Amino acid sequence: MTNVRVDAVTAGYGGPPILTDLNLSVDSGEFIAVLGSSGSGKTTLLRVLAGFLTPTHGTVSFGDHQVSGPGVWVPPEKRRVGIVPQEGALFPHLDVQKNVGFGLDNSAQSKDRVREVLTMVGMNDFAGARPQELSGGQQQRVALARALAPRPDVLLLDEPFSALDAGLRATLRTEVRGLLTALGTTSIMVTHDQEEALSIADKVAVMRNGQLVQMSEPASLYQDPADIETARFVGDSVELPATYSGGDSVHTPLGTVRIRGSIPVNAGSLTAVLRPEQLVLVDPRPVGGAVAQGGLGAVNGVTYHGHDSLVHITLTSGESLSVRVPGESTVSLGESVRVIPTGPASVYSN
Amino acid sequence: MTRSSGIRPPRPLIAAAVVSACLALIPLFYLIVRVASAGPEKILSSLLRARTWETTATSVSLMVVVVVGCLIIAIPAAALLTRTNLPGRRLWLTALALPLAIPSYVAAYAWLAQFPAMSGFWAAALILIAVSYPYVLLPVAAALRSTDPAIEEVARSLGRSQFAAFRTTTLPQAMPAAAAGSLLVGLYVLSDFGAVSLFRVDAFTRVIFASYRASFDRTSAAVLASILVLLALILVFAERKVRGRSLQYRSASGTQRKAVLTRLSIRGRVFGWGFVTVVIAIAIIVPVASLLIRLAEGSRRPLDVVELVQATLSSAGAAATGAVIAVALALPIGLLTARYRSKWSTGTETAAFAGHALPGVVIGLSLVFLTINAVPFLYQTLFTLAFAYAVLFLPKSIGATRTSIAAVPPILEQTARTLGRNPLGAWANTTLRLAWPGIAAGGLLVLLTAMKELPATLMLRPTGFDTLATELWSRTEIAAYGAAAPYALALIALAAVPAFTLSLAMSKSNKLSDQQELPQLDTVSQ
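Protein sequences appear in the order of chains A and B. For the first sequence, our numbering gives the first residue as 1, with consecutive numbering after it. For the second sequence, our numbering gives the first residue as 1001, with consecutive numbering after it.
Printed below as a string of structure tokens:
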């Protein structure tokens, strides 16, 4: 059981640094997804952890051992990390069992271990196969077995599912998640796919411009992002101008909306962020004598996703927003609607 | 993937690469030393001598005539064989590439055996055109084949006739390939020794060899060699420049349709067939027929099989030693350039590519000077000869090594590290293990090419040591054409393998990325 600590790490390839003053702390046995767009430095972070790249500043520790820091540098082969590279990167000249046994010695126990991990990933029947004979998903399974065989303290996964088709990706990541939870291996997976990160990890670490912006459990990351850019990156967002209206609410074009957490210190001009599923559409005509809530607008487009639809609306006050409705939407283009917020919003000062 | 190697190269690797590059530079360095030590007065008098300028004029004119001749043959032939429906065009293209397998001195010998009166500038020009036009034809054909037909279609829809559209849109895209090919031909002509010597043309190589033989006035030989190297260096650098530009011309990826072929009329077909037949007759049929006739005549006398086998084995022994040295020198440089882009990699690579600008006759001359003056116990030894081969063909070996290593993803080696291997073990178990077949194939190519090397072998071989090339040479010199035939045939057989790989590489050159080695002139295909 090993925790991972990255303290004030700066690293790069000679030019401007890719990682600047980065901090990350992963508890023992945790599964962390590092989420970032391309160029955010997430792969560089993985390379620093694996020991392929030496940071110019800062320290990296696995458990009680510092593996990188001033005057300290443990080479990759001594770090007890396993790596599952993109598209597997199996050794093309070795068959499956030799690939998996590459990190083990030639003893009889090693043979058993190879069989054991191959069984774990469901590839025992392919022990003698060549990497070229395997499908993409099978190659990833073998790559995982190869990384797990020497019982690493830390497992690093570099966009392991990105090359697979959608159906397989979902199945395999659930399976891998289950396996890693059972083994209790500290795991760090790099991905640019927010859905993947949210669905698989204990915690998601969002990276931007070489720094860690936020690290939270998936639900709180999605519902309460640290800033607007993060909010946009982890899912569809509805952004509305807001002013503080006392108590725990703000005033927006959709009326008064409850907020999550505390009011920003600079409470002048604010932006309230909601998720499209926190909005509902109702008939614009007033029903009975009820006070008209929400905001009026007109439908200017619908994007159909199968399990749900996004209805794009322009409010009479001028703002554009999207509302998620389950299944197919019943509104038609140009129809006038009333949008009512249901959930608490996150607010940020401008 | 170049990013992944952003780490600084390990020191021992830099050291090994620098040592390799320095060894490859020895002949050039010693040539400069030799010239400088003659003193300014002697250099000046050598430079001002009429013969120096006559030689330069002869070599440069020969180069120009041959390049123009190659363009006149290659561009129409390439267009005919890639953009028209001429029946049998694939077969014709293969046949037209065959001269790559005929060393220039073998072609010259074959023509001389049939027409003993042939001599002089124009005879040499004819033979050199006949053996070197494929260096232009193959890349131009590849470029024409890979141009996007949509561009020509746009020109058609804008009102150009079919020929005008081809001439104004497609052909310009093949020009960088033609230019690069022309520079290779120029380099080939400058460093050619066999054809100019057999036809008694006083080009650099023949004059340098003669003044070395005459063994007086070696300063003038060294000065001439320096001018030759200077000209060759200009061509080598120009070729690199042009090659870079031709890569930029390539249009974006995406699915490419095949060009619609021009339908030839009956007259067009007959004309096309006539054209390629004449070229093939001059380049292939005459020399091969002459060779076979000589062989038939020569068989009246018993062929000394023992001598032939011995010459082959001697050739192979020296060439194999050279190939091993070349691979050893190429390994650190190839590794450095494939994995770490830095000033070290470009510097050592450029230095090692000096072999391109050093014709065999120059390397021979420089190593003769060096061994006589500095290390007499190495003078005319097998080791010195093998070293000359290694320097001469080092670029070939570096190309093969770099391409093979670059084809192995660095992540494999890194993964091996995380699985507990030390740096050297991880490298040997993944990168080297996977690149080895390509590196060894490069070595084999060096071996086969070195076996037909002539000028450096003539100057550096131990007394009594005969190779196929020198045996052919000495028999041709005394007009013993029949006795020379088996050696010529053996040399063509040897040259076939490197020629085949070269023509394959040239035909595919448009698909190569800038990482890969484009076909380079091997200075001793001649």
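All residues carry an ideal CB built from backbone N, CA and C; glycine is no exception. Only a predicted model underlies this, so the values are computations on that prediction, with no experimental measurement involved.
Do three or more CB pairs link the segment 1201-1220 of chain B to the segment 1355-1373 of chain B at distances below 8 Å? yes
Following the continuous alpha helix (DSSP H) through B/Leu1138, name the residue where it begins and the one where it ends. Numbered from its first residue, the second sequence carries residue 1138 of chain B at position 138. Unbroken alpha helix (DSSP H) run through B/Leu1138: 1134-1146.
Give the DSSP bridge partners of A/Ser25, in chain order. Position 25 of the first sequence, counting from 1, holds the residue named residue 25 of chain A. Paired residue(s): A/Arg5.
Report yes if the C-beta distance between A/Pro241 and A/Leu315 is below 8 Å; otherwise report no. Counting from 1 along the first sequence, the entry for residue 241 of chain A is found at position 241. Counting from 1 along the first sequence, the entry for residue 315 of chain A is found at position 315. No; because the gap between Cβ atoms is not below 8 Å, this pair is not in contact.
Mind checking the segment 1396-1424 of chain B against chain A and listing, in chain order, the residues whose C-beta falls within less than 8 Å of any C-beta there? Pro1409, Ile1411, Leu1412, Gln1414, Thr1415, Ala1416, Arg1417, Thr1418, Leu1419, Gly1420, Arg1421, Asn1422, Pro1423
As assigned by DSSP and simplified to three states, the class of B/Ile1478: Your numbering for residue 1478 of chain B matches position 478 in the second sequence. B/Ile1478: coil per DSSP, three-state reduction.
Look at B/Thr1431 and B/Ile1405 and say whether their C-beta atoms are less than 8 Å apart. Working through the second sequence from its first residue, we reach residue 1431 of chain B at position 431. Working through the second sequence from its first residue, we reach residue 1405 of chain B at position 405. For B/Thr1431 and B/Ile1405, yes; Cβs fall inside 8 Å.
If you count every other CB in all the chains shown that lies within 10 Å of the CB of A/Gln293, and 16 or more means buried, which is it? Here residue 293 of chain A refers to the residue found at position 293 of the first sequence. With fewer than 16 Cβ atoms within 10 Å of its Cβ, A/Gln293 is classed as exposed.
A/Pro150 vs A/Thr185 beta-carbon contact at 8 Å: Taking the first residue of the first sequence as 1, we reach residue 150 of chain A at position 150. Taking the first residue of the first sequence as 1, we reach residue 185 of chain A at position 185. Result no, Cβ atoms of A/Pro150 and A/Thr185 do not sit closer than 8 Å.
Identity of the residue in B/Leu1093, B/Ala1456, B/Ala1435, B/Ala1490 nearest B/Phe1393 by Cα: Against the second sequence, residue 1393 of chain B aligns to sequence position 393. B/Phe1393 has its Cα closest to that of B/Ala1456, out of B/Leu1093, B/Ala1456, B/Ala1435, B/Ala1490.
Partner residues on chain A for B/Arg1433, Cβ-Cβ distance less than 8 Å: As a working note, residue 1433 of chain B is residue 433 in the second sequence. Going along chain A in sequence order, the residues near B/Arg1433 (Cβ under 8 Å) are His93.
Are the C-beta of A/Ile356 and some C-beta of chain B separated by less than 8 Å? Since the displayed chain A opens at 1 and closes at 350, residue 356 of chain A lies outside it and no answer follows.
Closer than 8 Å, Cβ to Cβ, to anything on chain B: give me those residues from the segment 294-315 of chain A, in chain order. none
What does a CB cutoff of less than 8 Å around A/Gly327 pick up in its chain, not counting 5 residues either side in sequence? Counting from 1 along the first sequence, the entry for residue 327 of chain A is found at position 327. His307, Asp308, Ser309, listed in sequence order.
Here's the rule: buried if 16 or more other CB atoms are within 10 angstroms of the residue's CB, otherwise exposed. What is A/Gly15? The residue you call residue 15 of chain A lines up with position 15 of the first sequence. When all chains shown are included, A/Gly15 counts as exposed.
How would you list, in chain order, the residues of chain B whose beta-carbon sits under 9 Å from the beta-carbon of A/Gly39? Locating residue 39 of chain A in the first sequence gives position 39, counting from the first residue. Correct list: empty, because the minimum Cβ distance to chain B is about 11 Å.
For a contact meaning CB atoms closer than 8 Å, what does B/Thr1430 contact in chain A? Stepping through the second sequence from its first residue, residue 1430 of chain B is reached at position 430. Ordered by position in chain A, the residues that pass the 8 Å Cβ test against B/Thr1430 are Phe91.
Contact list for A/Val362 against chain B, beta-carbon separation under 8 Å: Summary: the structure shown does not reach residue 362 of chain A, with chain A confined to residues 1 through 350, and so no result is reported for it.
For A/His312, collect the residues of the same chain with a Cβ closer than 6 Å to its Cβ; drop the 5 residues on either side in sequence, then sort them by chain order. Here residue 312 of chain A refers to the residue found at position 312 when the first sequence is read from its first residue. Closer than 6 Å at the Cβ level, and outside the excluded window around A/His312, lie Asn300, Gly301, Ser322.
Which residues, in chain order, does the segment 101-131 of chain A contribute to contact with chain B at a C-beta distance below 8 Å? Phe102, Gly103
Would you say A/Val96 and A/Ala147 are within 8 Å of each other, going by their C-beta atoms? Residue numbering aside, residue 96 of chain A sits at position 96 when the first sequence is read from its first letter. Residue numbering aside, residue 147 of chain A sits at position 147 when the first sequence is read from its first letter. No; because the gap between Cβ atoms is not below 8 Å, this pair is not in contact.
List the whole-angstrom C-beta distance separating A/Val4 from A/Leu22, where the pair is believed to meet the contact cut-off of C-beta under 8 Å. Here residue 4 of chain A refers to the residue found at position 4 when the first sequence is read from its first residue. Here residue 22 of chain A refers to the residue found at position 22 when the first sequence is read from its first residue. 12 Å between Cβ atoms; not a contact.
Measuring only the C-alpha atoms, how far is B/Asn1422 from A/Glu77? What you label residue 1422 of chain B is simply residue 422 of the second sequence in a count that begins at 1. What you label residue 77 of chain A is simply residue 77 of the first sequence in a count that begins at 1. Each residue's alpha carbon lies about 6 Å from the other.
Cβ-based neighbour list, B/Pro1099, same chain, cut-off 8 Å, excluding 5 preceding and 5 following: As a first step, residue 1099 of chain B is located in the second sequence; it is residue number 99 there, counting from the start. If we look at B/Pro1099 and ignore the five residues flanking it on each side, its Cβ neighbours are Ala1107, Ala1130, Val1131, Ser1132, Tyr1133, Pro1134, Ala1283, Ile1284.
Would B/Thr1262 and B/Gln1173 qualify as a contact pair, given that the criterion is a beta-carbon distance under 8 Å? In the second sequence, counting from the first residue as 1, residue 1262 of chain B sits at position 262. In the second sequence, counting from the first residue as 1, residue 1173 of chain B sits at position 173. Taking 8 Å as the Cβ cut-off, B/Thr1262 and B/Gln1173 do not qualify as a contacting pair.
A/Asn99 classed as buried or exposed, judged by whether at least 16 other C-beta atoms fall within 10 angstroms: Taking the first residue of the first sequence as position 1, residue 99 of chain A is located at position 99. Burial call: buried.
For chain B, check one thing: does any of its Cβ atoms lie closer than 8 Å to the Cβ of A/Glu77? Translated into the one-based positions of the first sequence, residue 77 of chain A becomes position 77. Closer than 8 Å to some Cβ of chain B, the Cβ of A/Glu77 qualifies, so yes.
Please report the residue range of the beta strand (DSSP E) in which A/Pro241 lies. Residue 241 of chain A sits at position 241 when you count from the first residue of the first sequence. Unbroken beta strand (DSSP E) run through A/Pro241: 238-244.
Three-state secondary structure assigned by DSSP to A/Gly255: For the purposes of this step, residue 255 of chain A is taken as the residue at position 255 of the first sequence. DSSP places A/Gly255 in strand when its eight states are reduced to three.
With 9 Å as the C-beta to C-beta threshold (strictly closer), list the residues of the segment 143-156 of chain A near chain B in chain order. Ala143, Arg146, Ala147, Ala149, Pro150, Pro152, Leu156
Is the distance from the Cβ of A/Ala11 to the Cβ of A/Val48 below 8 Å? As a first step, residue 11 of chain A must be located in the first sequence, where it is residue number 11. As a first step, residue 48 of chain A must be located in the first sequence, where it is residue number 48. Yes. Within cutoff.
Contacts of A/Val85 in chain B (Cβ-Cβ under 7 Å): Counting from one through the first sequence, the residue named residue 85 of chain A turns up at place 85. The displayed chain sequence assigns Pro, not Val, to residue 85 of chain A. Here the neighbours are Ile1411, Thr1415.
Would you mind reading off the limits of the beta strand (DSSP E) that contains A/Thr271? What you label residue 271 of chain A is simply residue 271 of the first sequence in a count that begins at 1. 270-274 is the span of the beta strand (DSSP E), which, as asked, contains A/Thr271.
Buried or exposed for B/Ser1253, please, with buried defined as at least 16 other CB atoms from any protein chain shown within 10 angstroms of its CB. Along the second sequence, read from residue 1 onward, the residue named residue 1253 of chain B stands at position 253. Confidence at B/Ser1253 is low in this model, with a pLDDT of 44, below 50, so its placement is unreliable and no value can be given for it.
Say whether chain B places a C-beta atom closer than 8 Å to the C-beta of A/Ala50. As a working mapping, residue 50 of chain A is identified with position 50 in the first sequence. It does: the Cβ of A/Ala50 has a partner Cβ on chain B nearer than 8 Å.
Start and end residues, beta strand (DSSP E) containing A/Arg324: Numbered from its first residue, the first sequence carries residue 324 of chain A at position 324. Unbroken beta strand (DSSP E) run through A/Arg324: 320-326.
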